[in-house]
Ligand SMILES: Nc1ncnc2c1ncn2[C@@H]1O[C@H](COP(=O)(O)OP(=O)(O)OP(=O)(O)O)[C@@H](O)[C@H]1O
Ligand SMILES: Nc1ncnc2c1ncn2[C@@H]1O[C@H](COP(=O)(O)OP(=O)(O)OP(=O)(O)O)[C@@H](O)[C@H]1O
Ligand SMILES: [Mg+2]
Ligand SMILES: [Mg+2]
């Protein structure tokens, strides 16, 4: 929809890659990648998980050096020694995985390395006021004094964005900035992008949400298996064409038809679930083979309610599984009852990044592999199966989970949870950072599970996902269930109205 | 002729007296190596009894020692290992702390810990009036310290001297300084202090000095540190006396062993180095300005 | 174990923060206990004694707060203090014939101590950052090295400052200003400057940042190695300062000087609320921690317990209790 | 600092891994140095001595490997060993009149040691996990407590095993099987079992996981507190085992038993390549680390150095060099 900025036509590229190769040890992941970024232009980089997008971006911003090829800044070849140098040249990267010091406050993180000073001392007052106004500009209501480890994932993303905005970038590179944001927050980000664009900043971003790509980018580069397969104006491509270009095949309908019918037995019954400070009086029934969606705005307490349910947080309320009343005070109890939870925070809570793929995969169901000693062969077998079931693109089987691409980490996390053979599974943001081709595979997988009699709860901030995937959608607002939509009512509009409290199905909740 | 190796195993220099003893051992070794070219010495210092046993094992296994001079870190743990060394035909000289089984060593150069306490106690009894109040500082909790304190207590029994309190100063200047400061806060009247060791006396004196208290008549240290002897010699009223426990006994033991190894002179038996009271009259005889202690 | 205390962090707290006040409360309890047990406890003399003797560990612990906040550790400070004290005494004794007695020679001694501290701190920092060896190993190694160097310098015995010089130097420990003795004043100044550096300067903030996540710090244009080395140098310098206050007290140094100071300093830092893993530190907490440790010893000396052998046990129990008291104030640690 | 090595951790290495072999190389260098310095170095007697005396620290260090891998620390092991040794001696002496001399009383003593170790380990673990106090503080506290309890039990002196009993018990240290003395055999068994547990059981895997990221462990349905307590209990038990091998060697316990064993054990673990922050541990490395430390002491005794005062310095330098040698093999620390 956007037309290419006027400034862009006049000047040449501010930053460009030419024939970049990059290898990690014996594995080559980039092959002759070339890319140009122009001032005032929004450039989207898309591709499957593991295609090499993040690696490309890291090379552009000095976090990685290319094995061969040249990076040019304003037309002249330039080798960034490190990211600091790139930043000094006005090239800023927002990482796919956060780069924040968890013990420090929001404000301290935003100014880290660029503190304002008054003489010898920090000018705390000015930093505070600048932080406040910056966060306001982003419509982010996080407390500048909160420690980053205490704030939610979307807030962390906003802090990252605030940090980048403060750096006065000439070139702003964003690796999946919207993966953890809801559409509302994404809008805020797009507003900022428009502003920066008007100021002549060159912007590169990736996203697996192709509608966004279509909407805000001027130019588009598609990568596949470490190579650039297409580059051109966005306006020339439809979303379907993009998907095809990425995956290399035609994609059928994203959401499969519901094949099996929902059972009659109630698999899980929750009454008055309360997680102090986050959720109050949450009640619902989940039937066998049912896929239940939970929607809501960020901060509506979906995650916390479910974490409470599986014993990760203090909670009260009555829970029945298969009609029997149960007490769950730890995730172990839950898992014994066949109930498992997949976290939305894959880096902090999902995977041990410095352990191998195999070790991560089997961590949750390890006793199964101990007879009494861990059977390496069986673990490897499980990994092979997971790799093929979930299409995990791992260049090597013996690598650390942290070296997988973001989307592939997510797939590994799903595989890990599924290895526990749950009868009831709660999936929080299942497809965060997953490419469109694999998304489809995961949706198929979830349907297959349901067909096998597994009951599923899906928490998702992606509207199309909750609607397309689930049989019924609960909407949460301020820690309470604001209502339920199912069948034909499952419209985006209905959900948003409930989520925002525009429609009262249940008495007004108090936070 | 082949060289004869003499092993010397002593505790490490973790406090003043042990430091002096280390010095004398090193000095004796250097001197005797000059005098007797046919002798070779191995000197090992240990931080705890187990390490000392290891040192002795190493000397036997790799250095083929013909004689061992040992100042046991503690008696009990060293008894067995030293016994097996003696049983293998190695000459054994034990210094200061006796082993807990008799008859193992060929030569015993003994210090007299309960005698040390006793001489100190007798001095107190003789120089304080009935009803006098004293405080005491003890060393690192060990058998040695217990023997000294027992000897001291036995000697003052019946003298009417009241021991207000004894606390561990660990043969350490800083610890005794702290303990003494707190004693001074706690007891408004103290007539004398049994510091039981000159390192501790240094700390005690500094604390008294800083507090500006003049009720304390004197401080009795021990072991004959040169600065203290000098002050006694010069008639310092705060340090009117000292009690010997010479760290140089190790040198005596090494020398006697060397003589035993190189000649047929009879050096076996027990050689007790008693504790002697030093007063301004005889202080000069115990003043060694070159010693580090 | 209920689910409650294993949960993810609660929202950031605001206003009056009981958790932060934990060590202060523990300190107050100790003061009350001390006052009840012995009437001299609150006397001017006793308070001065306790504060002055806390000064050495205190000054070192302030430096240790920075090292630990930045994710490091230093086990060598006790031996380093002994070594610097020995060196300082040797230097002064050696210069005495040429310089004569007086203030200048003391100043030269002080400068020597500071330079030695700086050098020792730099060595630790260099090995840790540039050679990339675990801080635990480096400082365990240098701990042995300094301890054995001082033993060697003292020939196994004690290094004593010349008697005359001692008289000149003595006031630095025993005298003071307006009835407050110098060690207390210096400790207070060091603590205040430390607190200001920690909270008000980029250096303090960088320490916390790299203790929290040194990758992030590096990506934020912070010269991580330089900051890390600086923490060790600062600590070394402060060990020098502590030594300058220590030597006039007894005028001597030996192999037993400063034994276990490292553990005491680290314990003070942690009791004060700094995290051993790094990422968060507060200097005032450390000061409170040092005072808690000193008071425990003082109270034990002022009261008669069953057996002096058990002092260590009581000390251990009180340390643990003090920390429980501190942690207990909030649901989550 | 080039950009490339600031990237996310490198992939796990394969095949011949020089980094992993670091400690082994350091060990080999030491053996060669020793052999060149003294022809008796490789004698049966010397090797037996060195291995047997490594056994105590070695057995403890194996347990410490688990604690550190799981992100913990234990400073109390040395005092704990002294305390358990004292307790064991008291129990045996006390039972002597009723049970008489013989094997049964020794067995009772051993069981007592194991139970005491288990209890002491549990106490540490409980305070650390359930009361959520920093491991450093808890174990610094219990270190003081055990040390002072043993001083008190021994009335400031030494606790000695009855002489007759000592004769019965003595073979446990000095005899052996097929010319290999018992401590060596027990150490080897403990090390092998430890290595198997670390690599081949869920427990070992859980230790590494929670040392790396305990949130992930918790979200993976691992009972984090239980695993953590278990590491301390295991360590306590192994301290008990080490004590069982120690008592027949010296037949006594006192306040100076086991002093600084904690630092030696931790140093061995780290020299062996386990990370102090947790998340990765290897038992065989620890065994190599223990041997390196023992050999340094042994080699220093084999030769005459300038001054025994400098032993500590040489030891410190060698420890640092050993780690540099080990780290130097790879570009990244
Ligand atoms: N440090 C590393 N060591 C080894 N392999 C790596 C490393 N970093 C990335 N890789 C590999 O490089 C490939 C490209 O990864 P990259 O992160 O660039 O993918 P991506 O396109 O960003 O994918 P996603 O959409 O999932 O984020 C992947 O196969 C990944 O496993
Ligand atoms: N420690 C904290 N301190 C302050 N606010 C917090 C803290 N943790 C979470 N919050 C806030 O509480 C709300 C709950 O966040 P959370 O993201 O878990 O909710 P959610 O409904 O699961 O949303 P989503 O899953 O979409 O992120 C958010 O507004 C978040 O900012
Ligand atoms: Mg990516
Ligand atoms: Mg959520």
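Residue numbers (the numbering used here), protein chains in the order written: chain W, 9 to 519; chain V, 245 to 537; chain F, 277 to 609; chain C, 277 to 609. Glycine residues also receive a C-beta, built at the ideal position from the N, C-alpha and C atoms.
Any C-beta of chain W under 8 Å from that of residue i
{"i": "residue 298 of chain F", "result": "no"}
{"i": "residue 442 of chain C", "result": "no"}
Per-residue DSSP class, three states only, for residue i
{"i": "residue 298 of chain W", "result": "coil"}
{"i": "residue 398 of chain C", "result": "helix"}
{"i": "residue 361 of chain W", "result": "coil"}
{"i": "residue 438 of chain V", "result": "strand"}
{"i": "residue 349 of chain F", "result": "coil"}
{"i": "residue 216 of chain W", "result": "coil"}
{"i": "residue 496 of chain W", "result": "helix"}
{"i": "residue 532 of chain V", "result": "coil"}
{"i": "residue 418 of chain W", "result": "helix"}
{"i": "residue 289 of chain C", "result": "The pLDDT assigned to residue 289 of chain C is 40, lower than 50, so where the model puts this residue is not dependable; a value taken from the coordinates is nonetheless given after this. Note: residue 289 of chain C maps to coil in three-state DSSP."}
{"i": "residue 190 of chain V", "result": "Residue 190 of chain V is absent from the structure shown; chain V starts at 245 and stops at 537."}
{"i": "residue 436 of chain W", "result": "strand"}
{"i": "residue 556 of chain F", "result": "coil"}
Cβ of residue i within 8 Å of any chain V Cβ
{"i": "residue 525 of chain C", "result": "yes"}
{"i": "residue 519 of chain C", "result": "no"}
{"i": "residue 544 of chain C", "result": "no"}
C-beta neighbour in chain F for residue i, strict 8 Å
{"i": "residue 212 of chain W", "result": "no"}
{"i": "residue 471 of chain V", "result": "yes"}
{"i": "residue 574 of chain C", "result": "no"}
CB-CB length for residue i against residue j, believed under 8 Å
{"i": "residue 444 of chain V", "j": "residue 465 of chain V", "result": "7 Å"}
{"i": "residue 380 of chain F", "j": "residue 445 of chain F", "result": "Going by Cβ atoms, the distance from residue 380 of chain F to residue 445 of chain F rounds to 12 Å, so no, they are not a contact pair."}
Neighbourhood of residue i by C-beta, 6 Å cutoff - its chain only, sequence neighbours within 5 removed
{"i": "residue 488 of chain C", "result": "555"}
{"i": "residue 315 of chain W", "result": "321"}
{"i": "residue 530 of chain F", "result": "430 and 434"}
Residue-chain proximity (residue i, chain C), Cβ-Cβ < 8 Å
{"i": "residue 427 of chain F", "result": "yes"}
{"i": "residue 423 of chain F", "result": "yes"}
{"i": "residue 412 of chain F", "result": "yes"}
{"i": "residue 440 of chain V", "result": "no"}
{"i": "residue 547 of chain F", "result": "yes"}
{"i": "residue 430 of chain W", "result": "no"}
{"i": "residue 345 of chain F", "result": "no"}
7 Å CB neighbourhood of residue i in its chain, flanking five on each side removed
{"i": "residue 217 of chain W", "result": "186"}
{"i": "residue 311 of chain W", "result": "352, 436 and 467"}
{"i": "residue 498 of chain W", "result": "475 and 481"}
The beta strand (DSSP E) enclosing residue i, as first and last residue numbers
{"i": "residue 467 of chain W", "result": "463-467"}
{"i": "residue 488 of chain V", "result": "Residue 488 of chain V -> no beta strand (DSSP E), and no H or E assigned at all."}
{"i": "residue 481 of chain W", "result": "480-485"}
{"i": "residue 378 of chain V", "result": "377-382"}
Boundaries (first-last residue) of the alpha helix (DSSP H) holding residue i
{"i": "residue 578 of chain C", "result": "559-578"}
Cutoff 8 Å: residue i Cβ touching any chain B Cβ
{"i": "residue 394 of chain F", "result": "The question asks about chain B, but that chain is absent: this structure's protein chains are W, V, F and C."}
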